[in-house]
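Protein chains in written order, with the working numbering: chain A, -5 to 188; chain B, 16 to 488.
Glycine included, each C-beta is placed from N, C-alpha and C at the ideal position.
Since the structure is predicted, the reported quantities are computational estimates derived from the model, not experimental observations.
Worksheet: one structure, shown below.
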């Protein structure tokens, strides 16, 4: 890839995504750096959603990017590259979580319908706060919630990925959603009180 | 309970799908190193595999089929009991192997006899030396002096006369002890002959040595290290360790803390150093090793706080002159709160001094190389440590074996550890051996005190490089 810079007098940030991918396949460090800078911020959010804390998220991101650089030649240029990177990160995060043996317990079987959230909250709750609240969900809830709501996997796919029943995935999602809604409402109340 | 809440789901998705956070700079360095390491291994995996295969094959081949390893004559012990082995150089400097059947084998860089046949040799000059097996006395002449050399305890002594390389062996022959004025207990002392071009060995009387040394062939005692006896060794060793930390919560309530502690702590290269005495226990194959073993276990603590706040009080002083002689000193205190990220990295070191009690068994002896397997225990005498540890509020605090300098959360004696290893010894000189010993050490008790909310155990794998010195003759 270095020859590309010399030949066309290109600076790294002028490269297209295709050129960056090709550079990464050739093992060019500047292209890898460029790819990292382009996607690291977004992917760290993905990792943060699955991890219990920031350090764990960084570990996942690190392993995820090493995998991206290792298997980048397998990207077929079908669909978006960001989606492919995101899938690698999600799979890495799942593997990381599965090492800890995720428990899909029914932690709150008597949970009623979630509270209605004030529209004001929707407009004022920041991404970091929402991320923080998701991270506080029990691990089983959090993973199913992330996979279904944000990544868009179906319950059948989630069941296959995690080795659980469809019904477990559905119930975990419902409870995760309710728990998150309650957490958002209580955070809003606390904010008003302060 | 309704299963779907499309509005809420869409809101969460929109909020987070394209969300982005700042990435710490150090992450790229880790990724780059990880990718590069993998890349080198990946690109050269076939080359590495072939190199490894070649290395192993040639190593096995060398030790299995090469009669002399590292330039040592190693068959002397066996020749002491099974027969005589001699090699020499003929007049034109070519090395020859004088065998019982009278055949000459040229170009052999060492010698070994598998039978108990009597062998003879011709040295560079015209002198001859005769050697005989047990009950077989060989008579020869060196520089006009008659030399009788009785062989020691050869079980297959062949009383026939064997003629090899034009010198004569008579059997059975009578020992001429008086002529040599040699005490009987010295008669079976092994001799090591060194010719101008190679090694010669036989069993002969001690006093014959002087006479032999007058010739072009020199005679010396067979190095004792080549005869495996019940030696005692003093061993000094050192090497790198890799320590795996197993952290478990002492109570379910502290699982979150343990996860955090695990995330902040990572393994760091450690080391061991020690000395021990290696003495025979049962025969020469079972040995006991004991001494002093110092090890330092290192771990890195990396603590990052992304919402760190620091409050600083600033006092500014003003002097207000209201009128002449009426000056007021005003002090304003301002409190400033800084918000940012903090990163703390420190190295925790746990040092301990142990007494090893290890039993070793010899598995293999092949020339100068010996392989032993060992098992035993290390008893901790004392331990001391320093570093940082997370407290229950997830804030790092000083950890120290002295309570005045920090929290003394770890034990001052860790107790007993189990030890297992495989040791490879290579003879360097007559009294010195080099040792290589990969080992595994498992601590039976955790390093933390009983009151601690988590338990941390160490499992150490290490590679020790050492020197073993043979005590006495």
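- Taking a Cβ-Cβ cut-off of 8 Å, the neighbours of residue 116/A in chain B comprise 26, given in sequence order.
- Distance from the Cα of residue 144/A is smallest, within the candidate group 49/A, 17/A and 124/A, for 124/A.
- Under the three-state reduction of DSSP output, residue 373/B falls in the strand class.
- Looking at 401/B, 409/B and 428/B, the one whose alpha-carbon comes closest to that of residue 416/B is 401/B.
- Using a Cβ-Cβ distance cut-off of 8 Å, the stretch 319 to 337 of chain B and the stretch 369 to 379 of chain B are not in contact, since fewer than three pairs of beta carbons, one from each stretch, lie closer than that value.
- The C-beta of residue 61/A has 16 or more other C-beta atoms within 10 Å across all chains shown, which makes the residue buried.
- Within the stretch 41 to 52 of chain B, those residues whose Cβ lies closer than 7 Å to any Cβ of chain A are, in chain order, 42, 43, 45, 46, 47, 49 and 50.
- Considering only 291/B, 432/B and 71/B, the residue with the shortest C-alpha distance to residue 304/B is 291/B.
- Leaving aside the five residues that flank residue 54/A on each side, the residues in its chain whose CB is nearer than 8 Å to its CB run, in chain order, 41, 44, 45, 83, 86, 87 and 90.
- With the criterion set as a beta carbon lying under 7 Å from some beta carbon of chain A, the stretch 359 to 382 of chain B has no members that meet it.
- Residue 250/B has 291/B and 483/B as its beta-bridge partners, per DSSP.
- Given a length threshold of 4 residues, each whole run of the alpha helix (DSSP H) inside the stretch 24 to 104 of chain A is given here in chain order: 48 to 65 and 75 to 93.
- Proximity of chain A to residue 38/B at the Cβ level (cut-off 7 Å) is accounted for by 34, 35 and 38, in chain order.
- Pairing residue 318/B with residue 359/B gives a Cβ-Cβ distance under 9 Å.
- For residue 440/B, no alpha helix (DSSP H) encloses it; the enclosing beta strand (DSSP E) starts and ends at 431 to 442.
- DSSP places residue 38/B in the coil class of the three-state scheme, outside both helix and strand.
- For residue 153/A, no CB of chain B lies under 9 Å from its own CB, so it is not counted at the interface with that chain.
- Under the Cβ distance rule, residue 71/A does not count among the residues neighbouring chain B, no pair being separated by less than 9 Å.
- Contact annotation, residue 403/B with residue 361/B: C-beta distance approximately 4 Å; criterion of less than 8 Å satisfied.
- Contact annotation, residue 442/B with residue 364/B: C-beta distance approximately 37 Å; criterion of less than 8 Å not satisfied.
- Assigned with DSSP and collapsed to three states, residue 410/B falls in coil, not helix or strand.
- Counting only residues of its own chain and dropping the five nearest sequence neighbours on each side, residue 325/B has a CB closer than 6 Å to the CB of 353.
- Secondary structure at residue 363/B: strand, using DSSP grouped into helix, strand and coil.
- Taking C-beta separations shorter than 8 Å and ignoring five residues to either side along the sequence, residue 61/B has no partners in its chain.
- Non-local beta-carbon contacts of residue 153/A in its own chain, meaning distances under 7 Å to residues more than five positions away in sequence, involve 159, 160 and 163 in chain order.
- Of the other Cβ atoms in all chains shown, fewer than 16 fall within 10 Å of the Cβ of residue 65/A; this residue is therefore exposed.
- Membership of residue 446/B in any beta strand (DSSP E) is not indicated, and neither H nor E is assigned to it by DSSP.
- Residue nearest to residue 122/A within the set 27/A, 78/A and 181/A is 181/A (criterion: CA-CA distance).
- From the beta-carbon of residue 20/B, the residues of chain A found nearer than 7 Å are 171.
- Spanning the alpha carbons of residue 380/B and residue 272/B requires a straight line of approximately 52 Å.
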